[in-house]
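J.:
Chains as they are written, first to last, in my numbering: chain H, 1 to 137; chain V, 138 to 497.
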């Protein structure tokens with residue numbers, strides 16, 4: 001724990017780690033995801049995945065970046081506003097993030113800035129945001 | 138002059154639908170492009186429209202080989218949210234089911250690898266052994282594919298005859314030691330097809346964050362059973378086989394040794410199976426608001442479930458599934474670069490891909 005305790009400070013965010021329900025969580029909308037990715041790779045952390053979720057109250061998107069450090073799961077959480085679903089891509093720093101960024105773009109229409117998308121799951125021509133579809137629409 | 142060879146999405150060299158576009162110069166593969174999504178079923182989307190009982194059954198359909206892994210993962214996540222601790226007997230039964238599933242998956246894979254190498258006898262031998270494992274799974278669960286064993290707070294069925302399962306373990310261990318390991322490690326034909334083929338270096342495995350036997354065959358000793366134990370794995374003694382060569386042979390050897398380690402775990406779990414209940418006291422579970430994460434070491438590697446509840450509805454707000462093949466598949470491009478065209482089917486099969494899991 002002491003080894004990861006310095007991470008919020010190194011990222012310049014005010015929060016602290018909270019351990020619950022299967023992970024250590026650090027939540028802050030001011031997380032610089034590229035700095036976070038660089039920091040985790042410097043620490044020999046393994047990228048696991050990104051979880052995206054539509055926020056029911058305001059239509060924004062929550063992104064959880066999951067990393068494994070020696071068996072400990074670390075999750076960095078940030079939110080994107082509904083009218084600004086854009087965050088920097090980390091796939092050039094961390095090739096393992098390539099497919100999941102493409103998938104989240106297709107499921108939730110999040111734009112990972114600084115990258116191109118080639119179709120992954122959906123067919124060419126389908127609109128991004130398939131998981132945002134509501135049955136009554 | 139380079140040329141492109143499209144393979145798939147339906148092709149005899151690929152067992153399931155995905156597409157490989159190989160860029161070749163002569164007989165040498167220079168690059169490969171992968172296309173997935175032919176099995177896309179929108180399972181994560183559907184999960185947000187099913188109640189917590191239905192969603193367990195839905196997740197069991199993510200994969201036909203490691204179906205138990207998916208129900209175990211989501212049940213663990215829901216138990217973390219609801220702060221439910223399954224009884225010790227249930228935790229042991231979960232280990233037994235998980236290891237039988239690993240045996241079934243690894244033996245199936247060894248058979249497929251044998252077939253692709255042209256070893257029909259090996260294919261038949263492995264599938265005969267796989268039948269025995271599936272018989273054991275059927276005796277325990279009543280099912281051969283979707284076992285429906287896991288529930289929130291425990292398991293749905295007890296193991297009435299641990300000695301019967303032990304007999305299967307003895308048989309399997311004997312046959313793997315007598316037939317599979319010697320052939321895959323010393324037979325000249327097998328070695329010619331596997332040694333130095335489809336290499337993924339340790340550095341590449343780390344950069345691409347591959348998981349499971351694929352990572353361990355490239356010298357990355359990660360195993361969630363050891364690093365973050367769940368169910369009753371903390372009470373089991375086992376080794377995590379690791380090879381450093383990163384080639385097809387290393388993937389074969391790691392899986393063969395893992396079969397023996399699974400037998401070892403099964404023997405301990407069956408002999409020490411605690412007495413008592415195998416599910417918790419409540420039939421209905423209330424899931425409070427929050428997000429929980431569960432990780433399992435499936436046959437192909439780490440499976441991650443992230444489940445979010447709003448605490449008000451009986452349907453999850455979000456269910457995220459990260460399957461091991463999803464993490465591993467991008468690295469097949471590295472394995473194929475520089476390979477002989479004729480080795481491409483074996484290389485793509487060597488990390489035991491599951492397209493059903495990948496596409497969800």
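Even for Gly, the Cβ is constructed at its ideal location relative to N, Cα and C.
Counting only the same chain and skipping the five closest in sequence on each side, list residues whose C-beta sits under 6 Å from that of residue 156/V.
T.: 145, 146, 172
J.: Spatial neighbours of residue 219/V within its chain, please: C-beta separation below 6 Å, excluding the five flanking residues on both sides.
T.: 422, 424
J.: Report yes if the CB atom of residue 210/V is closer than 8 Å to the CB atom of residue 440/V, and no otherwise.
T.: yes
J.: Between residue 74/H and the rest of its own chain, which residues show a CB-CB distance below 6 Å, the 5 nearest in sequence each way excluded?
T.: Within the same chain, residue 74/H has close Cβ partners 24, 67.
J.: Look at the Cβ atom of residue 54/H, then the Cβ atom of residue 121/H, and state whether they are nearer than 8 Å.
T.: Judged by beta-carbon spacing, residue 121/H lies beyond the 8 Å limit of residue 54/H, meaning their Cβ atoms are not closer than that value.
J.: Along the chain, where does the beta strand (DSSP E) containing residue 102/V start, and where does it finish?
T.: Because chain V spans 138 through 497 in this model, residue 102/V falls outside it and cannot be assessed.
J.: Of all Cβ atoms in chain V, is any one closer than 8 Å to the Cβ of residue 76/H?
T.: no
J.: Measuring alpha carbon to alpha carbon, tell me which of 179/V, 185/V, 141/V, 187/V ends up nearest residue 170/V.
T.: 141/V
J.: Can a CB atom of chain H be found closer than 8 Å to the CB of residue 177/V?
T.: yes
J.: In chain V, what lies closer than 8 Å to residue 108/H by C-beta?
T.: Going along chain V, no residue has its Cβ under 8 Å from residue 108/H, so there is no contact; the nearest lies around 11 Å.
J.: Name the DSSP beta bridge partners of residue 108/H, please?
T.: The partner list for residue 108/H (beta bridge, DSSP) is empty, contrary to what the question assumes.
J.: Ordered along the chain, which non-local residues of its own chain (more than five positions away) have a Cβ less than 8 Å from that of residue 471/V?
T.: 337, 341, 345
J.: Are the beta-carbon atoms belonging to residue 399/V and residue 236/V less than 8 Å from one another?
T.: yes
J.: Closest to residue 352/V by C-alpha separation, out of 164/V, 198/V, 475/V, 466/V, would be which residue?
T.: 466/V
J.: Just how far apart, CA to CA, sit residue 203/V and residue 294/V?
T.: 18 Å
J.: I need the straight-line Cα distance from residue 175/V to residue 411/V, nearest angstrom please.
T.: 44 Å
J.: May I have the straight-line CA-CA distance separating residue 115/H from residue 28/H, to the nearest angstrom?
T.: Distance between the alpha carbons of residue 115/H and residue 28/H is about 24 Å.
J.: Could you pull out every residue in the same chain whose Cβ sits closer than 6 Å to the Cβ of residue 487/V, ignoring the five residues on either side in sequence?
T.: 335, 385, 388
J.: Going by DSSP, what residues sit across from residue 175/V in a beta bridge?
T.: Paired residues: none, contrary to the question.
J.: Hey, which unbroken runs of the alpha helix (DSSP H) at 4 residues or more fall wholly within the segment 183 to 235 of chain V?
T.: Qualifying alpha helix (DSSP H) stretches, in chain order: 189 to 197, 204 to 219.
J.: In terms of alpha-carbon separation, which member of 135/H, 65/H, 97/H lies closest to residue 32/H?
T.: 65/H
J.: State yes or no: is the C-beta of residue 247/V within less than 8 Å of the C-beta of residue 317/V?
T.: yes
J.: Name, going along the chain, the residues of the segment 425 to 446 of chain V whose beta-carbon falls closer than 8 Å to a beta-carbon of chain H.
T.: For the segment 425 to 446 of chain V, the residues whose beta carbon sits under 8 Å from a beta carbon of chain H are, in order, 427, 428, 429, 430, 431, 432, 439, 441, 443, 445.
J.: Who are the near neighbours of residue 86/H in its chain, counting only those whose CB is closer than 6 Å to its CB and skipping five residues on each side?
T.: 111, 113
J.: Apart from the five residues on each side of it in sequence, which residues of its chain come closer than 8 Å, Cβ to Cβ, to residue 153/V?
T.: For residue 153/V, the CB contacts under 8 Å within the same chain, skipping 5 residues up- and downstream, are 176, 490, 491, 492, 493 in chain order.
J.: Name the one or two DSSP bridge partners that residue 50/H has.
T.: For residue 50/H, DSSP records a beta bridge to 65/H.
J.: I want to know whether the segment 312 to 327 of chain V touches the segment 8 to 16 of chain H - three or more CB-CB distances under 8 Å.
T.: no
J.: Could you pull out every residue in the same chain whose Cβ sits closer than 7 Å to the Cβ of residue 262/V, ignoring the five residues on either side in sequence?
T.: 316
J.: Is residue 348/V helix, strand or coil by DSSP?
T.: coil
J.: Could you check whether the segment 452 to 467 of chain V touches the segment 176 to 192 of chain V, counting it as contact only if at least three pairs of C-beta atoms, one from each stretch, sit closer than 8 Å?
T.: yes
J.: Should residue 21/H be listed as close to the ligand COA, given that the test is whether its C-beta is under 7 Å from any heavy atom?
T.: This structure simply doesn't include the ligand COA, nor any ligand for that matter.
J.: Measure the Cβ-Cβ separation of residue 383/V and residue 165/V and say whether it is below 8 Å.
T.: For the pair residue 383/V and residue 165/V, the CB atoms are not nearer than the 8 Å cut-off.
J.: Does any residue of chain V bring its CB to less than 8 Å from the CB of residue 125/H?
T.: no
J.: For residue 112/H, would you say it is in contact with chain V, using Cβ-to-Cβ distances shorter than 8 Å as the test?
T.: no
J.: Assign residue 135/H to buried or exposed, taking buried as 16 or more other Cβ atoms, counted over all protein chains shown, within 10 Å of its Cβ.
T.: exposed
J.: Go ahead and label residue 18/H buried or exposed: buried means 16 or more other beta carbons lie within 10 angstroms of its beta carbon, across all protein chains shown.
T.: exposed
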